[in-house]
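*Asks:*
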Amino acid sequence: MKMSNKPWLIYTFAAVFFTVTTGAVSCFAGAWTMPQGKAYVKLSMNAYDSDESFNADGDETDFEQNGTFEDKNLGLYVEYGLKDNISFVYSGSYKFLEKKDDLVKREFNGFSDMDLAVKYRLMNNHFGVVSVQGLVKIPEAYDDEVLLPGNAQVDYEIRLMYGRSLYPAIPGYINIEGAYRLRDDAPADEMRFLGEFGVDFLKKGFARVKAEAIVGMDNEDQLTANSNPNLSADYDLVKMSMTVGCRISEIWGVEVETIREIAGAKVSKGNTYSAALTYLY
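Taking the working numbering, the leading residue of the sequence shown gets 7, the next gets one more, and so forth.
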């Protein structure tokens with residue numbers, strides 16, 4: 007893929023990213039590593055629904071035959087400090103999928119892909135925090151299904167992250183990330199970008215705004231058919247999320263989040279709503 011072939015995607019993400027990083031979460035963010043022996047655990051309930059998609063030109067189109075797609079899942083994210091500058095990260099989910107239209111209904115209940123990563127902090131000074139993360143996605147929790155919860159192949163990702171506290175100017179932070187994901191077999195590789203802004207308010211409240219983009223590299227071997235509209239072999243997507251939360255105590259917290267997909271190509275367009283319980287020890 008040549009980046010210049012998709013200027014609309016770049017402009018959309020740049021506009022959203024500018025809004026996020028210059029607008030006004032909690033102090034936990036991507037570039038920072040957990041202290042040695044400490045862990046952050048997030049258990050979330052997520053609901054995604056869609057009845058339309060972005061076509062190859064980026065235009066919004068309805069699913070054929072009055073189709074709908076739902077992805078309800080329980081997600082678990084764990085980050086553990088192996089050393090002060092090295093964290094181990096796990097992420098996985100149990101999914102309840104349903105895709106139906108006037109002709110057929112397909113369902114799947116089970117575990118999805120599992121992400122395992124190691125994050126290494128390269129720098130931590132008054133200029134900010136810089137970390138690098140290596141990730142592998144493992145699809146061993148499910149067999150061949152009519153409606154797949156993942157693309158049934160291993161992915162490898164390298165990610166560079168930068169974070170900076172905005173104290174004492176304001177009680178918040180910014181976090182910026184860029185990654186390249188090598189997708190095994192047929193699917194196209196991806197470039198991934200993220201911009202995040204978080205702020206604390208009152209004594210225990212926090213909020214964050216995040217913009218994310220996935221850009222397919224147009225190097226897939228072939229276009230593979232899949233009943234899951236989120237699993238195209240080569241797609242682009244820009245989404246924006248808003249999270250608000252509260253620290254119940256020093257170790258417990260709650261969050262609610264909404265994610266809206268605002269631009270893309272060859273992928274479904276929908277919204278995600280999430281509620282989460284967090285634990286920090």
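Glycine residues also receive a C-beta, built at the ideal position from the N, C-alpha and C atoms.
Would Y46 be called buried (16 or more neighbouring beta carbons within 10 Å of its own) or exposed?
*Replies:* Locating residue 46 in the sequence shown gives position 40, counting from the first residue. Buried.
*Asks:* Can you give me the Cβ contacts of K216 inside the same chain, cut-off strictly under 6 Å, excluding the 5 residues immediately before and after it?
*Replies:* Residue mapping note: residue 216 aligns to position 210 of the sequence shown, counting from 1. Same-chain partners within the cutoff: E202, S247.
*Asks:* Under 8 Å, do V95 and K125 count as touching if we go by C-beta distance?
*Replies:* For this step, residue 95 is matched to residue 89 along the sequence shown. For this step, residue 125 is matched to residue 119 along the sequence shown. Yes.
*Asks:* Could you tell me the distance, in whole angstroms, from the CA atom of N115 to the CA atom of T278?
*Replies:* For the purposes of this step, residue 115 is taken as the residue at position 109 of the sequence shown. For the purposes of this step, residue 278 is taken as the residue at position 272 of the sequence shown. Their backbone Cα atoms lie some 18 Å apart in a straight line.
*Asks:* Leaving out the 5 sequence neighbours to the left and right, which residues in its chain are closer than 6 Å to S97 when beta-carbon positions are compared?
*Replies:* Counting from one through the sequence shown, the residue named residue 97 turns up at place 91. Excluding positions up to five away in sequence, the list reads Y83, D121.
*Asks:* Give me the residue from I164, A158, I176 with the minimum Cα distance to D119.
*Replies:* For the purposes of this step, residue 119 is taken as the residue at position 113 of the sequence shown. D119 has its Cα closest to that of A158, out of I164, A158, I176.
*Asks:* Give a yes or no on whether the C-beta atoms belonging to N181 and A37 are separated by under 8 Å.
*Replies:* Reading the sequence shown from its first residue, position 175 is the one you call residue 181. Reading the sequence shown from its first residue, position 31 is the one you call residue 37. Yes, the Cβ-Cβ distance between N181 and A37 is below 8 Å.
*Asks:* Under the assumption that E58 contacts T67 (Cβ atoms under 8 Å), give the Cβ distance between them as a whole number of angstroms.
*Replies:* Locating residue 58 in the sequence shown gives position 52, where the first residue counts as 1. Locating residue 67 in the sequence shown gives position 61, where the first residue counts as 1. Contact holds; Cβ gap of about 6 Å.
*Asks:* Going by other Cβ atoms of all chains shown within 10 Å of its Cβ, with 16 needed for buried, is F212 buried or exposed?
*Replies:* If you number the sequence shown from 1, residue 212 lands on position 206. By the neighbour-count rule (16 or more Cβ atoms within 10 Å), F212 is buried.
*Asks:* Assign I257 to buried or exposed, taking buried as 16 or more other Cβ atoms, counted over all protein chains shown, within 10 Å of its Cβ.
*Replies:* For the purposes of this step, residue 257 is taken as the residue at position 251 of the sequence shown. Result: exposed.
*Asks:* Between the alpha carbons of D242 and K89, how many angstroms are there, rounded?
*Replies:* Residue 242 sits at position 236 when you count from the first residue of the sequence shown. Residue 89 sits at position 83 when you count from the first residue of the sequence shown. Approximately 36 Å between the Cα atoms of the pair.
*Asks:* Look at R112 and V152 and say whether their C-beta atoms are less than 8 Å apart.
*Replies:* Numbered from 1 along the sequence shown, position 106 holds the residue referred to as residue 112. Numbered from 1 along the sequence shown, position 146 holds the residue referred to as residue 152. In this structure, V152 lies closer than 8 Å to R112 by Cβ.
*Asks:* If N234 and L154 are in contact, beta carbons under 8 Å, what's the gap, nearest whole angstrom?
*Replies:* Residue mapping note: residue 234 aligns to position 228 of the sequence shown, counting from 1. Residue mapping note: residue 154 aligns to position 148 of the sequence shown, counting from 1. Yes, they are in contact, since the Cβ atoms of N234 and L154 sit about 5 Å apart, within 8 Å.
*Asks:* Would you identify the three-state DSSP class for N72, choosing helix, strand or coil?
*Replies:* Your numbering for residue 72 matches position 66 in the sequence shown. N72: helix per DSSP, three-state reduction.
*Asks:* What separation, rounded to the nearest whole angstrom, lies between the Cα atoms of V260 and R170?
*Replies:* Taking the first residue of the sequence shown as 1, we reach residue 260 at position 254. Taking the first residue of the sequence shown as 1, we reach residue 170 at position 164. Their backbone Cα atoms lie some 24 Å apart in a straight line.
*Asks:* Return the residue from the list V250, V273, A271 that minimises the CA-CA distance to T264.
*Replies:* Looking up residue 264 in the sequence shown gives position 258. Comparing Cα positions, the closest option is V250.
*Asks:* Along the chain, where does the beta strand (DSSP E) containing W258 start, and where does it finish?
*Replies:* Along the sequence shown, one-based indexing puts residue 258 at 252. 258 to 271 is the extent of the beta strand (DSSP E) around W258.
*Asks:* Could you check which residue in V221, L109, I176, G184 has the C-alpha nearest to that of D206?
*Replies:* Residue numbering aside, residue 206 sits at position 200 when the sequence shown is read from its first letter. That would be I176, whose Cα lies nearest to the Cα of D206.
*Asks:* Measuring only the C-alpha atoms, how far is K275 from K44?
*Replies:* Counted from its first residue, the sequence shown places residue 275 at position 269. Counted from its first residue, the sequence shown places residue 44 at position 38. Each residue's Cα considered, the two are about 37 Å apart.
*Asks:* Helix, strand or coil for F133, going by three-state DSSP, please let me know.
*Replies:* On the sequence shown, residue 133 is found 127 positions in, with the first residue counted as 1. Three-state result, F133: coil.
*Asks:* Any idea if V244 is buried or exposed, counting beta-carbon neighbours within 10 angstroms, 16 or more meaning buried?
*Replies:* In the sequence shown, the residue the question calls residue 244 occupies position 238. By the neighbour-count rule (16 or more Cβ atoms within 10 Å), V244 is buried.
*Asks:* Between the Cα of F102 and those of G81, N91, M129, A192, spot the shortest distance and give me the residue it belongs to.
*Replies:* Translated into the one-based positions of the sequence shown, residue 102 becomes position 96. That would be G81, whose Cα lies nearest to the Cα of F102.
*Asks:* Using C-beta distances below 7 Å, list every residue in its chain close to R127, excluding the 5 sequence neighbours before and after it, in chain order.
*Replies:* The count along the sequence shown starts at 1 and reaches residue 127 at position 121. For R127, where only same-chain residues beyond five positions count, the Cβ hits under 7 Å are T39, N91, V135, S137.
*Asks:* In three-state DSSP terms, what is G184?
*Replies:* Translated into the one-based positions of the sequence shown, residue 184 becomes position 178. Looking at G184 - three-state DSSP - the assignment turns out to be strand.
*Asks:* For the beta strand (DSSP E) containing S171, list its first residue and its last residue.
*Replies:* Along the sequence shown, read from residue 1 onward, the residue named residue 171 stands at position 165. From DSSP, the beta strand (DSSP E) with S171 extends over 161 to 171.
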